[in-house]
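Novice: First, the structure itself, so that you have it in front of you.
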Amino acid sequence: MLLLKADQSCDTTTRSHEKKGYLMQQSLITHYRSFSSFTYPGLYQERLRRDLPADIRQAGHLLRLQMIHKGTLYAGRARTDTRTRYGDMSKVPWYRQSEDDYFPTATAMLAELYRRDARGFVLDRAEEHKLILTCRFVAIMMASILKSRGIPARVRAGYAPYIPSDQIETHWITQYWDDSHARWVTIDVDTSLEDRPFDPFDMPPGVFDFAATAWLTMRAGHKEATAYSTHEGQHPLHALATQVITDFHYLMNNEITYTHIPAFIASGFEDTNEPQLQEVDALAHLLLRPEENFTRLQDIWETNRGFRLLRGSLI
Numbered sequence: 001m002l003l004l005k006a007d008q009s010c011d012t013t014t015r016s017h018e019k020k021g022y023l024m025q026q027s028l029i030t031h032y033r034s035f036s037s038f039t040y041p042g043l044y045q046e047r048l049r050r051d052l053p054a055d056i057r058q059a060g061h062l063l064r065l066q067m068i069h070k071g072t073l074y075a076g077r078a079r080t081d082t083r084t085r086y087g088d089m090s091k092v093p094w095y096r097q098s099e100d101d102y103f104p105t106a107t108a109m110l111a112e113l114y115r116r117d118a119r120g121f122v123l124d125r126a127e128e129h130k131l132i133l134t135c136r137f138v139a140i141m142m143a144s145i146l147k148s149r150g151i152p153a154r155v156r157a158g159y160a161p162y163i164p165s166d167q168i169e170t171h172w173i174t175q176y177w178d179d180s181h182a183r184w185v186t187i188d189v190d191t192s193l194e195d196r197p198f199d200p201f202d203m204p205p206g207v208f209d210f211a212a213t214a215w216l217t218m219r220a221g222h223k224e225a226t227a228y229s230t231h232e233g234q235h236p237l238h239a240l241a242t243q244v245i246t247d248f249h250y251l252m253n254n255e256i257t258y259t260h261i262p263a264f265i266a267s268g269f270e271d272t273n274e275p276q277l278q279e280v281d282a283l284a285h286l287l288l289r290p291e292e293n294f295t296r297l298q299d300i301w302e303t304n305r306g307f308r309l310l311r312g313s314l315i
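The numbering of the sequence shown is full-length UniProt numbering, which starts it at 1 and goes up by one.
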């Protein structure tokens, strides 16, 4: 009889854990299906569902053809890159510069795409009508497209060792939940037209360096902070820590621009302050497994002012 009671207790405990796991999974799905201020497409949501191919790869390629990376534009103008896969850079008006500051949200990007060419997403968009935007914006637009179809999606911040450069490039990519295989699929729409030894619409683990992985690799002494690219002349260690906290924001559906600096960094972060470094360590360890640690990450999001609050030119 005692054995039977023990078995029943174990069975009840197992069912309880399974129920909690199911509820957590549903909570995650709901969280990543929802739009943020940055991914919300506004009145264009129906256009995203109707005007783009149902196939994610085809939709990603079509999206990429609506945009030109500022690096591609400048290299084309300097004739250091004469490839035409992104179009003829000589056809882009001479006064056109990076437009990252102009269109930080999906709604802003969509409004300008349709203003420049009322047909919207088209294969033959003229070079002068393309948006000059970097990877963060492409990733956000792709997440908006996926969310518009009810597919859970999120943008991630990190680094791309596969982009040729003197340093490991800061980069943003998109992930979506493949319900049929119960896994997150990592896609890099921004570089999807490049020749890579992997599929940019189903990237193998380890190809993209998530910010937490890069930080912990540096902290373990396997790489110097200077191996990674920086923004706006930031100290290399500060830039790495910023990218970790930025990825945290993205996992919380707050896809801030790279001109937004966490208050934790802007308010006296020191590369010799071990307690501060350990705070970033602790966050990075949680970000390695965001699904398992989602409740703890949400608690930090609701309580940690240094990680959540931002500094910037207009904040």
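Quick reminder that beta carbons are idealized off the backbone N, C-alpha and C, glycines included.
Taking 8 angstroms as the cut-off, decide whether the C-beta atoms of ASN253 and SER36 are in contact.
Specialist: yes
Novice: Is it true that the CB of ALA157 sits closer than 8 angstroms to the CB of TYR250?
Specialist: Taking 8 angstroms as the Cβ cut-off, TYR250 and ALA157 qualify as a contacting pair.
Novice: Answer yes or no: do ILE173 and PHE208 have a C-beta to C-beta separation smaller than 8 angstroms?
Specialist: yes
Novice: Going along the chain, which residues of its own chain have a beta-carbon closer than 7 angstroms to the beta-carbon of ASN293, five neighbours each way excluded?
Specialist: LEU286
Novice: Would ALA284 and LEU216 be called neighbours here (beta carbons separated by less than 8 angstroms)?
Specialist: yes
Novice: Excluding the 5 residues flanking PRO161 on each side, which residues of the same chain have their C-beta closer than 7 angstroms to its C-beta?
Specialist: If we look at PRO161 and ignore the five residues flanking it on each side, its Cβ neighbours are ILE168 and ASP209.
Novice: Do TYR176 and ALA153 have their beta-carbon atoms positioned less than 8 angstroms apart in this structure?
Specialist: Closer than 8 angstroms, so yes.
Novice: Just to confirm, are PHE307 and PHE264 a CB contact at a threshold of 8 angstroms?
Specialist: Yes.
Novice: Can you tell me the Cα-Cα spacing of ASP51 and SER267, whole angstroms?
Specialist: Rounded to the nearest whole angstrom, the C-alpha separation of ASP51 and SER267 is 45 angstroms.
Novice: For LEU146, I'd like the list of residues in its chain whose CB is within less than 6 angstroms of its CB, leaving aside the five on either flank, ordered along the chain.
Specialist: Hits under 6 angstroms: ALA153 and TYR176.
Novice: Roughly how far, in whole angstroms, is the beta-carbon of LEU240 from the beta-carbon of SER148, given that I think they are within contact range, below 8 angstroms?
Specialist: Your pair LEU240 and SER148 does not check out as a contact, with CB atoms roughly 33 angstroms apart and the cut at 8 angstroms.
Novice: Straight-line CA distance for LEU123 to ASP88?
Specialist: 14 angstroms
Novice: Work out the CA separation of PHE38 and HIS231 for me, nearest whole Å.
Specialist: 21 angstroms
Novice: Check ASP149 in the structure and name its three-state DSSP category.
Specialist: A small correction: the amino acid at residue 149 is Arg; Asp does not occupy that position in the sequence shown. The answer is coil: DSSP assigns ARG149 none of H, G, I, E or B.
Novice: Pop quiz: ARG219 and ASP281 are said to be a contact at Cβ under 8 angstroms. What is the actual Cβ separation, rounded to whole angstroms?
Specialist: 6 angstroms
Novice: Just confirm the distance between the C-beta atoms of THR191 and ILE151, as a whole number of angstroms; I'd bet it's less than 8 angstroms.
Specialist: In fact, because the Cβ distance is near 21 angstroms, the residues do not count as touching under 8 angstroms.
Novice: What's the gap between the Cα of LEU310 and the Cα of HIS260?
Specialist: 6 angstroms
Novice: Per DSSP, PHE210 forms a beta bridge with which residues?
Specialist: GLY158
Novice: Going by the DSSP bridge assignment, what does ILE173 pair with across the sheet?
Specialist: ARG156
Novice: Could you confirm whether any beta carbon from chain C is found closer than 8 angstroms to the beta carbon of ASP299?
Specialist: Included in the structure is just one protein chain, with no chain C present.
Novice: Buried or exposed for LEU43, please, with buried defined as at least 16 other CB atoms from any protein chain shown within 10 angstroms of its CB.
Specialist: exposed
Novice: If you reduce the DSSP assignment to three classes, tell me which class TYR44 lands in.
Specialist: helix
Novice: For ASP188, count the other beta carbons within 10 Å of its own beta carbon; 16 or more makes it buried, fewer makes it exposed. Which is it?
Specialist: By the 10 Å Cβ count, ASP188 comes out buried.
Novice: Per DSSP, what kind of secondary structure is TRP301 in: helix, strand or coil?
Specialist: helix
Novice: Are the beta-carbon atoms belonging to TYR159 and ALA225 less than 8 angstroms from one another?
Specialist: no
Novice: Apply the 10 Å Cβ neighbour rule to LEU288 and answer buried if 16 or more other Cβ atoms are within range, or exposed otherwise.
Specialist: So LEU288 counts as exposed.
Novice: Tell me which residue opens and which closes the beta strand (DSSP E) that VAL185 is part of.
Specialist: 183–187
Novice: In angstroms with no decimal places, state the Cα-to-Cα distance between TYR258 and ALA54.
Specialist: Cα to Cα, the separation comes out at about 31 angstroms.
Novice: Is the distance from the Cβ of GLN66 to the Cβ of PHE103 below 8 angstroms?
Specialist: no
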